[in-house]
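Residue numbers 0 to 164, in numbering that gives the first Met the number 0, belong to the letters of the sequence shown in order. Every residue gets a Cβ at the ideal spot worked out from N, C-alpha and C, and that includes glycine.
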Amino acid sequence: MKLTEKEYEELKVILIRKDWIVYAYDIKSDKGVYVSTQLGLDMYYSYCHWTEDSEKLEFTEGRPIAKQEESARALRHLLEEKVLTRHMNWSTHKEVYSPTPYGHKLFTAWIYWNDTKMQKKMADRKAARKFLKGLWGLVKQTPCAIEKYSQPPEEYKKKKGNRFF
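Next comes the structure, spelled out in structure tokens:
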């Protein structure tokens, strides 16, 4: 499920309100970036643990498995927030947790705001679209301009009309 830039911005507000990401200053890049809080990281690990909807990120490797009570508390929180849903898998006769569409979008946005490479890629795509849109406008105007400047001036048209040929 691809998200638009507008959806990323809307979900960013929700993630900040939930205290899963914060805006911080990055000394290396000398600019402000969005980073995950400990709560956001814990929720992401729990989300990945209970569902198979996960993506390996550079900063998520090597995470120790959470304690049973922390995992249960995070699961309850994700169920209350309507990020996960519980249903029965009748072939195995076990309860299974799946992400809701809202939950999938939320964690896709969480990954996006924590990954500066993805943000740069999206900004580059936006700049390329803007450039191509301007280029397409120029291409559309070119035939009209060629036609306009390739026609003889009005004085020659009048003289041509007076000839006997």
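Exclusion of the five residues before and after N88 leaves V95 as the residues of its chain whose Cβ lies within less than 6 Å of its Cβ. By the Cβ test, the region 103–117 is in contact with the region 34–44, since at least three Cβ pairs between them sit closer than 8 Å. When the Cα atoms are used, Y33 and G39 turn out to be separated by approximately 12 Å.
Unbroken alpha helix (DSSP H) runs of no fewer than 4 residues, entirely contained in the region 0–56, are found at 4–16 and 37–49, following chain order. About 7 Å separates the Cβ atoms of L83 and T50, confirming a contact at the 8 Å cut-off. For the pair L105 and I13, the CB atoms are nearer than the 8 Å cut-off. If you compare the alpha carbons of S90, H76, L134 and S35 with that of K11, the shortest gap goes to S35. Sequence-distant partners of Y22 (beyond 5 residues in either direction) whose C-beta falls short of 7 Å from its own C-beta, in its chain, are G31 and Y33. In the three-state DSSP reduction, E79 falls in the helix class (H, G or I). The region 91–121 is shown to contain whole alpha helix (DSSP H) runs of 4 or more residues at 100–113, in chain order.
The C-beta distance from R85 to L78 rounds to 7 Å, short enough to fall under 8 Å. Taken atom to atom, the span from the alpha-carbon of K93 to that of E80 is near 22 Å. Excluding sequence positions up to five before and after L74, its CB lies within less than 7 Å of the CB of S45 and W49, all in the same chain and listed in chain order.
Beta bridge pairing from DSSP links T84 with S97. For T141 and M117, the gap between their C-alpha atoms comes out near 36 Å. A Cβ-Cβ contact shorter than 8 Å links E4 with K125.
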